[in-house]
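Structure first, then comments.
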Amino acid sequence: MKIKLRTVAKYAAALLVAVSVLAPMGWLFLMSVSATADLTRVPLEWMPRQWDFSRYGRLLSLTPGEPGTLFLHALGNSLLVASGATAICLLLAIPAAFSFSRYRGRDGWLFASLAIYMVPPVAFVLPLYFLLQQLDLLNTRPGLMMVYCSLILPFLTWMLKNQFDTLPHDIEQAARLDGLRVWQVLLRITLPLAKPVLGAAALFGWLLAWDEFFYALLFTSNIAAQTLPVTIAGFTAGRATDDGLIAAVGILASAPPLLIAIWLQKTLVSGLASGGSKG
Numbered sequence: 001m002k003i004k005l006r007t008v009a010k011y012a013a014a015l016l017v018a019v020s021v022l023a024p025m026g027w028l029f030l031m032s033v034s035a036t037a038d039l040t041r042v043p044l045e046w047m048p049r050q051w052d053f054s055r056y057g058r059l060l061s062l063t064p065g066e067p068g069t070l071f072l073h074a075l076g077n078s079l080l081v082a083s084g085a086t087a088i089c090l091l092l093a094i095p096a097a098f099s100f101s102r103y104r105g106r107d108g109w110l111f112a113s114l115a116i117y118m119v120p121p122v123a124f125v126l127p128l129y130f131l132l133q134q135l136d137l138l139n140t141r142p143g144l145m146m147v148y149c150s151l152i153l154p155f156l157t158w159m160l161k162n163q164f165d166t167l168p169h170d171i172e173q174a175a176r177l178d179g180l181r182v183w184q185v186l187l188r189i190t191l192p193l194a195k196p197v198l199g200a201a202a203l204f205g206w207l208l209a210w211d212e213f214f215y216a217l218l219f220t221s222n223i224a225a226q227t228l229p230v231t232i233a234g235f236t237a238g239r240a241t242d243d244g245l246i247a248a249v250g251i252l253a254s255a256p257p258l259l260i261a262i263w264l265q266k267t268l269v270s271g272l273a274s275g276g277s278k279g
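Residue numbers for the sequence shown, in UniProt numbering: 1 to 279.
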């Protein structure tokens with residue numbers, strides 16, 4: 001009887017979590033396919049009287065005058081900036097984390113970077129603005145990548161360093177005795193064992209860049225480099241706002257993170273299996 005009650009409680013808790021996560025997305029989808037009259041009707045009706053998917057067609061169209069011209073361009077900017085910044089940060093964070101983990105006495109530099117990371121972002125607006133201005137990188141995607149690296153790199157370094165600390169050192173020492181250099185040990189021994197956390201770190205770093213709004217708003221001035229959060233905010237700036245269109249934008253904007261999370265989930269599972277077999 002106790003086992004049944006525990007099973008029921010586990011399923012009930014899982015169902016509660018699923019509903020709390022999926023309910024807002026479900027309501028956002030219903031808004032995106034509801035007519036304006038349905039959204040403004042009092043009392044509110046949960047289900048639309050007539051399903052309207054035309055907003056998705058407008059957002060995925062490059063016809064001049066349609067919101068899709070702004071949405072698709074901003075979507076491309078966000079994908080490029082987030083992916084580029086995450087890739088650069090991973091290339092820098094992996095050797096940095098390995099160095100902090102394997103060579104003692106350097107933790108002061110890591111804590112200093114985290115202390116700077118905890119400073120409110122508004123404190124860095126002027127220095128970053130002048131730096132981008134001097135490098136002629138204002139309102140450019142490379143400039144935004146550089147700014148995002150300052151946000152993502154300390155987080156990824158700390159996350160990977162904690163994972164490297166848990167890995168057995170005996171395997172690395174044996175590889176060094178076999179004649180491998182330090183960088184060969186990192187590539188052939190350490191990284192395969194740390195493969196699960198690499199996927200998680202890449203996902204979290206990518207999401208940090210994908211959702212960032214403050215710096216993107218200040219350092220971009222037009223669609224040439226504006227990312228999706230800034231463009232979505234622009235859709236709500238008019239006097240007559242189409243709430244259904246904003247909901248459709250939200251649904252489409254959540255698709256890339258969802259697809260990447262599903263793809264990295266498979267990578268995490270395979271990494272855990274391979275890491276366990278190698279250990």
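Using N, Cα and C, we set each Cβ at its ideal position, and we do this for glycine too.
In this structure, Ala82 is the residue among Ala82, Pro142, Lys161 with its C-alpha nearest to the C-alpha of proline 256.
Per the coordinates, the alpha-carbon of leucine 59 lies some 11 Å from the alpha-carbon of isoleucine 251. Look at asparagine 77 here: in three-state DSSP terms it is helix. The beta carbons of valine 33 and proline 43 sit no closer together than 8 Å.
Taking a C-beta distance under 8 Å as the contact criterion, leucine 193 and threonine 157 do not qualify as a contact pair. Under the three-state reduction of DSSP output, alanine 194 falls in the coil class, being neither helix nor strand. In the three-state reduction of the DSSP assignment, proline 67 falls in the coil class, being assigned neither a helical nor a strand state. Measuring C-alpha to C-alpha distances from alanine 225 to each of Met159, Asn77, Asp107, Gly84 identifies Asn77 as the nearest. Counted as a single uninterrupted DSSP element, the alpha helix (DSSP H) harbouring isoleucine 116 occupies residues 107-117.
Between the segment 209-227 and the segment 63-77, the count of C-beta pairs closer than 8 Å reaches three or more; the two stretches touch.
Using a C-beta cut-off of 8 Å, the segment 81-100 makes contact with the segment 141-157, since at least three inter-stretch Cβ pairs fall below that distance.
In this chain, the alpha helix (DSSP H) harbouring arginine 141 covers 141-166. With contact defined as three or more Cβ pairs closer than 8 Å, the segment 87-96 and the segment 199-208 are in contact. Runs of the alpha helix (DSSP H) lying entirely within the segment 230-268 and spanning at least 4 residues: none are present. When C-alpha distances from aspartate 243 are compared across Gln134, Thr40, Arg6, the shortest belongs to Thr40. Boundaries of the alpha helix (DSSP H) harbouring threonine 40: 36-40, taken from the DSSP string. Assigned with DSSP and collapsed to three states, valine 33 falls in coil, not helix or strand. The alpha carbon of leucine 80 has as its nearest neighbour, out of Phe235, Pro154, Leu228, Arg176, the alpha carbon of Leu228. Your pair phenylalanine 164 and threonine 190 checks out as a contact, with CB atoms roughly 7 Å apart and the cut at 8 Å. Per DSSP, reduced to three states, the secondary structure at aspartate 52 is coil, with no helix or strand assignment. Using a Cβ distance threshold of 8 Å, valine 249 and isoleucine 232 count as a contacting pair. Each residue's CA atom was taken as its position, placing isoleucine 152 and arginine 181 some 29 Å apart.
Taking all protein chains shown into account, methionine 31 has 16 or more neighbouring C-beta atoms within 10 Å of its C-beta and is therefore buried. Residue state for isoleucine 3 is assigned as helix, using DSSP reduced to three classes. In this structure, the alpha-carbon of proline 24 lies about 42 Å from that of leucine 135. In this structure, the beta-carbon distance from proline 121 to phenylalanine 214 falls below 8 Å.
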